[in-house]
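Single-structure report; data block below.
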RNA sequence: GGAGGCAUAGCUCAGUUGGUUAGAGCGCUCGCUUCACAUGCGAGAGGUCGUAGGUUCGAGUCCUACUGUCUCUACCA
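Here is the structure:
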């Protein structure tokens with residue numbers, strides 16, 4: 013097949029993906045002869061389309077999966093989507109709004125029908141996008157958090173937790189979003205420092221001229237005040253404790269109570285207590301047996317308890333009116349500007365109201381403990397390590413998890429209330445009658461579960477739990493969990509305690525966290541900034557491989573990275589380089605019988621590149637194992653571009669185009685061997701281009717996807733030979749360098765004279781040196797004086813390189829050049845010498861380092877002598 | 001308030017358990033239509049590794065403080 017001159021990914025990416033699918037390469041079987049390697053996808057929300065964060069997620073995971081698959085593991089990448097309860101519901105409500113409809117207008121059933129239609133549309137789209145990325149996921153196991161299997165797991169877990177007393181229902185302060193009209197968990201509230209005010213209010217003591225001043229940031233909640241608290245140690249208020257205050261505007265009589273919780277230094281030292289609208293004050297209310305008066309409705313308007321003049325008013329309008337009224341009655345002392353942390357809904361960004369409400373909770377303390385232990389005892393390991401601290405921090409201070417949501421899209425809570433006897437029925441299967449009174453009038457709880465309740469079960473619900481399926485048995489626990497560090501609390505932590513609690517095993521052994529992909533200026537990508545990048549557009553322009561390689565290279569685990577077009581371009585150029593190098597190899601192999609490298613005699617250059625390949629294999633394998641994908645990718649980039657293309661391909665040309673048939677066969681064998689291995693090493697990162705080239709390579713069959721990953725072979729390391737050959741490369745560089753320094757065009761051939769120890773090495777590679785350095789002939793001399801004409805010289809480790817450049821040589825400049833080189837060498841000698849003079853170094857440093865330093869010193873001394881001699885002869 | 005990250009070339013970033021002369025890409029300078037590739041080739045310039053101490057034979061790497069910056073987290077009304 014003819015290869016195009018430039019790399020054009022559109023020619024083959026879609027075609028190859030389709031073929032992989034048809035051949036069933038993505039399918040993982042529970043094969044007892046293999047070791048399983050499992051990763052479950054961080055399920056993207058069905059709310060929209062993929063962004064670069066997903067692209068990074070999936071590139072990392074797919075690279076690991078492909079790597080392991082090639083190493084012979086039964087590698088399973090389990091794909092799927094998340095129903096994203098609240099996020100999706102918000103979107104659907106928005107969509108309906110365009111039709112002028114509300115949830116109430118269409119009803120629950122119709123709403124859910126719309127939601128499923130949404131899921132089909134966007135879930136499908138996400139799958140297509142993942143395929144475009146080249147992700148080798150097992151689509152036959154595609155999961156969805158609300159599919160039958162996952163729903164079964166949700167019920168199982170809910171009922172189990174309930175029966176163990178780890179799920180309870182109660183009136184607690186929760187975070188309420190008045191716009192989404194649902195409770196939120198603590199993790200779903202985002203705080204931001206907002207500029208507001210501090211209102212100082214005067215509460216008069218009953219039947220007295222005394223008063224207490226309290227300060228508040230939410231004056232509208234004063235309507236629900238049922239006490240004022242002061243610190244018992246506060247001398248200012250000692251005499252007030254136990255007295256009765258008259259609440260302004262309302263007229264309710266409320267007590268002054270003493271509570272240690274009050275900070276004497278802050279504000280006025282007196283706190284109004286509104287148990288229904290503040291978590292701390294709720295606690296305080298419990299301590300003092302105070303009445304809980306809720307003054308706000310679910311939609312953020314004031315209710316009848318707020319009093320006639322405020323009933324029905326929006327909370328912010330009510331705030332204004334209350335402040336006005338307080339001012340009018342003289343209760344307002346002053347208004348101070350104040351910046352404080354205000355909670356916002358993570359989906360719609362409305363200001364969250366802490367409100368007392370009846371909700372379902374998961375008791376966290378008993379679940380958190382073993383989850384912490386698992387990480388302490390290294391059953392789960394975080395990469396980078398530092399994230400375990402963040403995990404501990406959160407887990408140790410964890411509070412009960414509010415799991416009920418007043419939404420329709422999600423797992424409906426499996427709890428029924430008997431309308432006849434009031435019995436609460438918690439069951440895995442829908443009950444038909446009340447087990448207590450046999451009554452048939454059962455009403456299911458209206459609420460659904462927090463979306464993260466089902467995601468927490470993802471590593472095992474997708475594999476068959478609670479049933480003991482073959483998949484669950486073989487692939488669970490999973491191996492690596494890879495996602496962004498921004499969802500450690502939402503997801504990773506919850507999977508850990510859920511896995512331990514429900515399966516008795518940690519759900520994965522490694523947590524690999526990556527950072528956030530930012531824009532070119534380092535800003536977070538967001539809809540409001542309009543700086544988001546659509547991976548599909550990038551793929552359309554540059555190909556999936558270029559995007560994948562760009563996302564992974566130069567990035568360390570856990571670090572944020574910046575996306576830039578120029579980086580993708582650079583990687584596209586790399587793909588083009590690889591493409592053309594392959595084209596070169598394939599063109600030269602055309603019509604030839606390419607032998608195995610075991611069947612040819614390897615020259616010095618051949619051994620050098622094979623040696624480089626082996627160290628590259630070692631480096632890539634090692635770093636993949638450490639999840640250092642950036643380093644592995646970097647090693648491959650350097651090896652392919654610098655070592656293979658810039659050096660070996662050029663070196664091979666003298667053999668390929670020469671007369672010696674054996675040398676030609678040798679070069680061809682090595683070219684094919686090295687390229688084939690490089691492609692395999694590269695395949696986990698850039699699956700498409702490597703597959704396309706692999707199929708055009710001589711002596712390959714089948715797909716690179718299922719080829720064996722290269723293994724380091726010590727017999728091919730050729731350390732000594734490679735080092736010796738590097739001397740030849742140094743000579744070539746020296747000649748090029750000298751020519752450039754006197755503006756001698758590279759195409760102009762020059763004579764090369766060498767003072768050399770290893771003449772055989774030079775002789776064997778003479779053609780290559782002549783070709784690469786632009787040399788017409790090579791001779792050997794003892795020193796410059798034997799040449800008898802103006803010459804430039806450069807001293808390298810085992811050689812002195814002379815290039816007679818006739819008129820071009822400026823003796824004064826040449827002297828200057830040598831002088832500065834001499835100074836540099838002197839510096840090196842001084843550095844090495846002082847090290848070796850240091851007794852501490854000689855005695856304590858590892859022997860090989862000391863030896864290395866000695867050899868270096870010797871080398872530099874030899875070079876100094878030679879340079880001095882050159883200077884003398886000038 | 002608590003915790004953490006980052007600070008290395010003009011820009012964006014690598015730098016593995018401390019150990020050769022600190023690297024890459026982009027940009028820059030000079031030169032090349034060399035038969036795989038101008039999405040290229042060759043040769044260069046450019047860094048007191050944020051500041052100050054400390055540990056060590058040896059520190060970009062470990063410790064302490066400081067400065068700048070970003071993030072997470074927390075109930076200060």
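Numbering (this note's numbering), first residue to last: 13 to 886.
Just so you know, even glycine gets a beta-carbon here, dropped at the ideal spot from N, CA and C.
query                                                                                                                                                                               : result
Whole angstroms is fine: what's the gap from residue 20's alpha carbon to residue 83's?                                                                                             : 29 Å
What does a CB cutoff of less than 7 Å around residue 744 pick up in its chain, not counting 5 residues either side in sequence?                                                    : 781, 784 and 785
Using 10 angstroms around the beta-carbon of residue 759, count the other beta-carbons present and answer buried if the total reaches 16, otherwise exposed.                        : exposed
Sort 679, 658 and 33 by Cα distance to residue 664 and report the nearest one.                                                                                                      : 679
Excluding the five sequence neighbours on either side, which residues of its own chain have a C-beta within less than 7 Å of the C-beta of residue 596, listed in chain order?      : 661
Checking the sheet assignment: what are the DSSP bridge partners for residue 227?                                                                                                   : 212
Does DSSP put residue 477 in a helix, a strand or coil?                                                                                                                             : coil
Count the other C-beta atoms from every protein chain shown that fall within 10 angstroms of the C-beta of residue 249, then say buried if there are 16 or more, exposed otherwise. : buried
When the Cα atoms are used, what is the spatial distance from residue 59 to residue 419?                                                                                            : 16 Å
CB-CB under 7 Å to residue 280, same chain, minus the five flanking residues each way: which ones, in chain order?                                                                  : 212, 225, 226 and 227
Would you grab the beta carbon distance between residue 559 and residue 550 for me? Rounded to a whole angstrom, and I think it's under 8 Å.                                        : 5 Å
For residue 535, count neighbouring Cβ atoms within 10 angstroms of its own Cβ and tell me buried if that reaches 16, exposed if not.                                               : exposed
DSSP three-state label for residue 464, please.                                                                                                                                     : helix
Kindly indicate which three-state DSSP category residue 201 falls into: helix, strand or coil?                                                                                      : strand
Exposed or buried, what is residue 594 when buried is set at 16 or more other beta-carbons lying within 10 Å of its beta-carbon?                                                    : buried
Given residue 284, which residues of its chain have a CB within under 7 Å of its CB, disregarding the five upstream and five downstream residues?                                   : 226, 228, 234, 237 and 240
Which runs of the beta strand (DSSP E) at least 3 residues long sit entirely within the region 743 to 793? Give them in chain order.                                                : 762 to 768 and 787 to 792
Check residue 454 in the structure and name its three-state DSSP category.                                                                                                          : strand
My output table needs one value for residue 695: the three-state DSSP class, helix, strand or coil.                                                                                 : coil
My guess is that residue 700 and residue 557 are in contact by the Cβ rule of under 8 Å, so how many angstroms apart are they, rounded?                                             : 5 Å
Just how far apart, CA to CA, sit residue 296 and residue 411?                                                                                                                      : 17 Å
Mapping DSSP to helix, strand and coil, what is residue 483?                                                                                                                        : helix
Do you know whose CA, among 203, 421 and 619, lies nearest residue 119's CA?                                                                                                        : 421
Do residue 494 and residue 139 have their C-beta atoms closer together than 8 Å?                                                                                                    : no
Could you check the C-alpha separation between residue 351 and residue 523 for me, to the nearest Å?                                                                                : 38 Å
Quick one: residues in its chain with C-beta nearer than 7 Å to the C-beta of residue 626, no 5 flanking neighbours on either side, listed in chain order?                          : 724, 725, 728 and 729
Looking at the strands, I want to know which residues DSSP matches up with residue 265.                                                                                             : 258
Measuring straight from C-alpha to C-alpha, what distance separates residue 403 and residue 461?                                                                                    : 24 Å
In or out: residue 477 buried (at least 16 other Cβ within 10 Å) or exposed?                                                                                                        : buried
Out of 262, 270 and 554, which has the shortest C-alpha to C-alpha gap to residue 321?                                                                                              : 262
Please list, in chain order, all residues of the same chain as residue 415 whose beta carbon is under 7 Å from its beta carbon, the five residues on each side excluded.            : 372, 373, 374, 461, 462 and 465
Assuming residue 179 contacts residue 383 (C-beta within less than 8 Å), just tell me the rounded distance between them.                                                            : 17 Å between Cβ atoms; not a contact.
Distance, Cα to Cα, residue 772 vs residue 749?                                                                                                                                     : 24 Å
Please determine if the region 820 to 827 and the region 794 to 805 are in contact, where contact requires at least 3 C-beta pairs separated by less than 8 Å.                      : yes
Alpha carbons only, please: which of 202, 765, 809 and 318 is nearest the one belonging to residue 789?                                                                             : 765
Please classify residue 407: is it buried, with 16 or more other beta-carbons within 10 angstroms of its beta-carbon, or exposed?                                                   : buried
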